[in-house]
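Step one of this worksheet: look at the structure below.
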């Protein structure tokens, strides 16, 4: 990679490392700097939700994190010493991660850093962005000065792309002149990780809402618990002593809970802010540099990890030749997601802070009713899990691409579950050729671009989807099965001429095993849709669906409009001529 193509990532926390790993998996080198002397040792954020875990699976670290985690069964809310409500985890459908995992941030960073090294990347520790000068707009010219240990003088550098993953006090955001809008809670937040006795919860989070303030208790993997309190802001930043933590625990927790020892304590203020823009020309913001949240619900790290993956695959596609306008969709997709996460965490925090009077009584009553009716499970858990991408209005999902004069158009509804911007549901399948994956989500876990060819409904022993003796959808004398095979071959040919061919898969999904077996030389994978969740949508088929690396539908088309599909999906680059 030439210097003009270089991506400089400032910050090697979970967001920066996720971005770097995604770029490397998509064939793009990058430079990562961090002013710290190595990966984090402080546990900080604890909870990984389903949406972030699916992202981490796509960069091949979810298994390692699961082995070092504690799955949580639920969360409960207590007021006046009594349980007023609760949610149960584990009921989320269509995901390999139906419940959140408790994993200290230091573990998450360590696993991501190991993955970065395996991909051939590296982090330049003890290296700081001393200054940045940004001129122009899209694209902008970027000049930065780095302080590099051992050099004796600042080192100038001109990256083509500058990514700010450098936290709440982002130097990159300030250099780009992007406002950070929001407020700061008038409360101090105090926490301690350690060993406790007295029967603390073993696999659920508890929220004890008292007139004096909140007590949050979370069990930790490997033993121990985190306790978390709030208090009126004092301006002090020192961590509380074990004795002070015990005083708060005695005042707000159940009788008999006792702190034995701690290994980490912290005091901090909480902001609820979001950047006015996530992009300024060649400068892009992600994670805490773009948004910061209350710790309620564990949304900050999760949102940042999803930022990093979204930005990484899009930037890689642009560097590989896709339309640069693809990067405009980064802010269009991730800023609304950040605002949703911020609203969710802020709502929970304000519920914590209700101290006295009718509002407190109303809160407790609503928690009881919402728990009894299941409304709390149905609403809170999906919001926190961040599985729904909400991309229907994104400029990166052109939708159905029919011929002029036919139904549909930009943003048109797809058949059933194929609406553009919607996350594809999982379906079990029997792999036949080119893959060992046992389901769609397992296949998509590679985090690559995919052209999914859905063969029209047919049955063994018939000549196609139109029934016995008919020619199906492939034209005179062509069976539905033949049309699916031909379309998959044409899709593979299209991909072979695209700019992201090394990061793109083609899969033919059928509803039956072929009578003549599979061609072992076919340039596409093939599987039988056992659940028939998707193949039945093709009707007379075939349909071709572009699936983004995040598992969302980007666009779909009939097999006759394969060229239009390529022209409408910018990541396919120069492969725009019709091959149908």
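Numbering (the working numbering), first residue to last: 15 to 594. The beta-carbon is built from N, C-alpha and C at its ideal position, and this holds for glycine as well. What you are looking at is a predicted structure, and each value in this text was computed from that prediction instead of being measured.
Q. In three-state terms, what does DSSP make of residue 563?
A. Per DSSP, reduced to three states, the secondary structure at residue 563 is coil, with no helix or strand assignment.
Q | Whole-angstrom distance between residue 193 and residue 235, CA atom to CA atom | A | Taking the straight line joining both Cα atoms gives about 38 Å.
(Q) Just to confirm my understanding: we take residue 251, look at its own chain, exclude 5 residues before and 5 after, and list those with CB closer than 7 Å. What are they? (A) Non-local beta-carbon contacts of residue 251 in its own chain, meaning distances under 7 Å to residues more than five positions away in sequence, involve 281 in chain order.
Q. Out of 264, 464, 36, 135, which has the shortest C-alpha to C-alpha gap to residue 512?
A. It is 464.
Q: Please report how far the alpha carbon of residue 284 lies from the alpha carbon of residue 469, in whole angstroms.
A: If you take the alpha carbons of residue 284 and residue 469, they lie about 52 Å apart.
(Q) Quick check: the Cα distance between residue 347 and residue 568, rounded to an integer number of angstroms? (A) Distance between the alpha carbons of residue 347 and residue 568 is about 13 Å.
(Q) What would DSSP say about residue 73, mapped onto helix, strand or coil? (A) In the three-state DSSP reduction, residue 73 falls in the coil class, being neither helix nor strand.
Q) Where residue 261 and residue 306 are concerned, what is the direct C-alpha to C-alpha distance, given to the nearest angstrom? A) Spanning the two alpha carbons is a distance of roughly 30 Å.
Q.
Could you give the first and the last residue of the continuous beta strand (DSSP E) run that contains residue 100?
A. First-last of the beta strand (DSSP E) with residue 100: 96-102.
(Q) So, at 6 Å on beta carbons, what are the nonlocal neighbours of residue 71 in its own chain, with the 5 sequence-adjacent residues on each side left out? (A) Excluding positions up to five away in sequence, the list reads 459.
Q: Mind checking which residues open and close the alpha helix (DSSP H) that includes residue 346?
A: That run of the alpha helix (DSSP H) goes 342-366.
Q. By Cβ distance below 7 Å, which residues in the same chain neighbour residue 546 in space, the five residues on each side in sequence not counted?
A. Once the five neighbours on either side are set aside, the close Cβ partners of residue 546 are 525.
Q | Best match in 561, 384, 327, 231 for proximity to residue 432 [C-alpha to C-alpha] | A | With respect to the C-alpha of residue 432, the residue from 561, 384, 327, 231 having the closest C-alpha is 561.
Q | Range covered by the beta strand (DSSP E) that runs through residue 519 | A | Note, residue 519: beta strand (DSSP E), 518-524.
Q: Assign residue 183 to one of two classes, buried (16 or more other C-beta atoms within 10 Å of its C-beta) or exposed (fewer than that).
A: When all chains shown are included, residue 183 counts as exposed.
Q: Using alpha carbons as the reference points, say which of 47, 51, 48, 85 lies closest to residue 62.
A: Distance from the Cα of residue 62 is smallest, within the candidate group 47, 51, 48, 85, for 85.
Q. Which of the three DSSP states, helix, strand or coil, is assigned to residue 198?
A. Residue 198 sits in a strand when the DSSP states are folded into three classes.
Q: Please classify residue 580: is it buried, with 16 or more other beta-carbons within 10 angstroms of its beta-carbon, or exposed?
A: By the neighbour-count rule (16 or more Cβ atoms within 10 Å), residue 580 is buried.
**Q.** Nearest-angstrom Cα separation, counted from residue 536 out to residue 502
**A.** The alpha-carbon atoms of residue 502 and residue 536 are separated by roughly 9 Å.
(Q) Using CA atoms only, rank isn't needed, just tell me which of 582, 337, 543, 299 is closest to residue 188. (A) Ranking the options by Cα distance to residue 188, first place goes to 299.
Q | Start and end residues, alpha helix (DSSP H) containing residue 455 | A | Run containing residue 455: 454-458, per the alpha helix (DSSP H) assignment.
Q) Cα separation between residue 362 and residue 380? A) Between the alpha carbons of residue 362 and residue 380 lies a distance of about 13 Å.
Q) According to DSSP, is residue 306 helix, strand or coil? A) In the three-state scheme derived from DSSP, where H, G and I count as helix and E and B as strand, residue 306 is classed as strand.
**Q.** Backbone CA spacing between residue 404 and residue 566 [nearest angstrom]
**A.** Each residue's Cα considered, the two are about 10 Å apart.
Q) Is residue 256 helix, strand or coil by DSSP? A) Of the three classes helix, strand and coil, the one that applies to residue 256 here is helix, per DSSP.
Q. Can you tell me whether residue 246 is buried or exposed, with buried defined as 16 or more other CB within 10 angstroms of its CB?
A. With a 10 Å radius around the Cβ and a threshold of 16 neighbouring Cβ atoms, residue 246 comes out exposed.
Q) Taking three-plus beta-carbon pairs below 8 Å as touching, is the region 133-145 in contact with the region 97-105? A) The region 133-145 makes no contact with the region 97-105; the number of CB pairs closer than 8 Å stays below 3.
Q. How is the alpha helix (DSSP H) around residue 547 delimited, first residue to last?
A. Run containing residue 547: none; DSSP gives neither H nor E here.
Q: With DSSP as the reference, please indicate the residues paired to residue 150 in a beta bridge.
A: Residue pairing by DSSP puts residue 150 in a beta bridge opposite 154.
Q | Option nearest residue 508 by Cα separation, candidates 499, 576, 437 | A | For residue 508, the closest alpha carbon among the candidates 499, 576, 437 is that of 576.
Q.
Taking DSSP's pairing of strands, which residues face residue 93 in a bridge?
A. Bridge partners of residue 93 according to DSSP: 96, 223.
Q. What first and last residue would you give for the beta strand (DSSP E) that runs through residue 287?
A. Residue range 272-289 is occupied by the beta strand (DSSP E) that includes residue 287.
Q. Would the beta-carbon of residue 233 be found less than 7 Å away from any heavy atom of the ligand GTP?
A. Ligands displayed in this structure: none; no statement on the ligand GTP is therefore possible.
Q: Answer with buried or exposed for residue 265, where buried requires no fewer than 16 other C-beta atoms within 10 angstroms of its C-beta.
A: Around the beta carbon of residue 265, fewer than 16 other beta carbons sit within 10 angstroms, so the residue counts as exposed.
Q. Going by the beta-carbon positions, is the gap between residue 401 and residue 88 smaller than 8 Å?
A. Going by C-beta atoms, residue 401 is not nearer than 8 Å to residue 88.
Q | Which of helix, strand or coil DSSP assigns to residue 571 | A | DSSP places residue 571 in strand when its eight states are reduced to three.
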